[in-house]
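Presented below is the structure to which this report refers.
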Amino acid sequence: MTALLEIEGLSKNFGGVRAVQWLSFAVNEREILGLIGPNGAGKTTLFNLINGVFVPDEGRVRFRGIDITGKAPYRVARHGLARTHQIVQPLTDMSVLENCMVGACFGRENLPLARAEVVAREVAVEVGLGDRLSTPAAQLTIVGKKRLELARALAARPMLLLLDEVLAGLNPTEIERMIGTIRSIRERGIAILIIEHVMQAIMGLSDRIVVLNSGQKLAEGAPAEVANDPSVIEAYLGDPALAAALHPGG
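Heads up: the sequence shown begins at -7 in the working numbering, then just goes up one per residue.
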């Protein structure tokens, strides 16, 4: 498989805290790679290093073979990498349509307004907001805001999408709908790197899993392998019974 994103020896310290330590892995084209680990493991810090919010102390980030280490987020977006945020960040004074247009205007294709509106309408429909285009973002429910966050990222026309806990706070029905949306995104050829704490969901969605603990890679492999890895059970999953429950088909 062809590597789309390559993380090589990435490290980031905040004072005396080592948030990410010598981390290396790759995301392949058209792959869903799950990223799991305890709170404070460094997952969101890693996203911030990938998309340029933070500059690493060591290591490199390569996307489509191009070194993007430390590039500003808007430049990273131009390369075809978009993200959502754990704490949703809608432009509250703008409508759903306008929020999505921002993603299209500042994304990979740098679209003019007329074309951005077309793309914005398309992605709003795709994530289930097609009937809320004129609604101010501030009036959306938490589910609506999560879908808007996803739509705005999709409007940037990414080749790789970073999803930070898009299932958090959703009920089981909403989770199932969001999983369906994520799968449809992958079917369009977009690779996905996803942070998630809803374990059954991420185990069922992901082709591979990377486990972080204290900023380091603890394990990497197929979901079934990771769920039964003794070091993962000890550090994160808690006990063998839970691991067995998370085994796909188990």
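From the three backbone atoms N, C-alpha and C, an ideal C-beta is built for every residue, glycine too.
Remember, predicted model here, so these are calculated numbers, not experimental data.
Exclusion of the five residues before and after residue 51 leaves 0, 1, 2 and 3 as the residues of its chain whose Cβ lies within less than 6 Å of its Cβ.
Within a 10 Å sphere around the beta-carbon of residue 180 sit fewer than 16 other beta-carbons, which makes this residue exposed. In the three-state DSSP reduction, residue 144 falls in the helix class (H, G or I). Selection 182, 205 and 87 evaluated against residue 124 yields 87 as nearest (Cα-Cα).
Straight across, the Cα-Cα distance linking residue 80 with residue 138 is about 6 Å. Separation of residue 31 and residue 188 (C-alpha to C-alpha, rounded to the nearest whole angstrom) is 11 Å. Here residue 82 is near residue 140, since their CB atoms are less than 8 Å apart.
In the structure shown, residue 208 falls within a strand segment according to DSSP collapsed to helix, strand and coil. When the five nearest sequence neighbours on each side are left out, the beta carbons in the same chain lying within less than 8 Å of the beta carbon of residue 202 are those of 17, 25, 26, 27, 28, 209, 211 and 212, in order along the chain. When C-alpha distances from residue 214 are compared across 197, 205 and 226, the shortest belongs to 197. Comparing alpha-carbon positions, the option among 136, 110, 45 and 84 lying closest to residue 69 turns out to be 45.
Residue 13 carries a strand assignment under DSSP once its states are collapsed to helix, strand and coil.
A direct Cα-to-Cα measurement between residue -5 and residue 23 gives close to 10 Å.
Between residue 49 and residue 5, the C-beta spacing is below 8 Å. Residue environment for residue -7: exposed (fewer than 16 other C-beta atoms within 10 angstroms of its C-beta). Rounded to the nearest whole angstrom, the C-alpha separation of residue 151 and residue 72 is 5 Å.
Sequence-distant Cβ neighbours of residue 217 in its own chain, meaning closer than 7 Å and more than five residues away, do not exist here.
Secondary structure note for residue 6: it is in no alpha helix (DSSP H), and the uninterrupted beta strand (DSSP E) holding it is -5 to 6.
DSSP, read as helix, strand or coil, puts residue 149 in coil.
Ranking 143, 223, 95 and 43 by CA distance to the CA of residue 174 puts 143 first.
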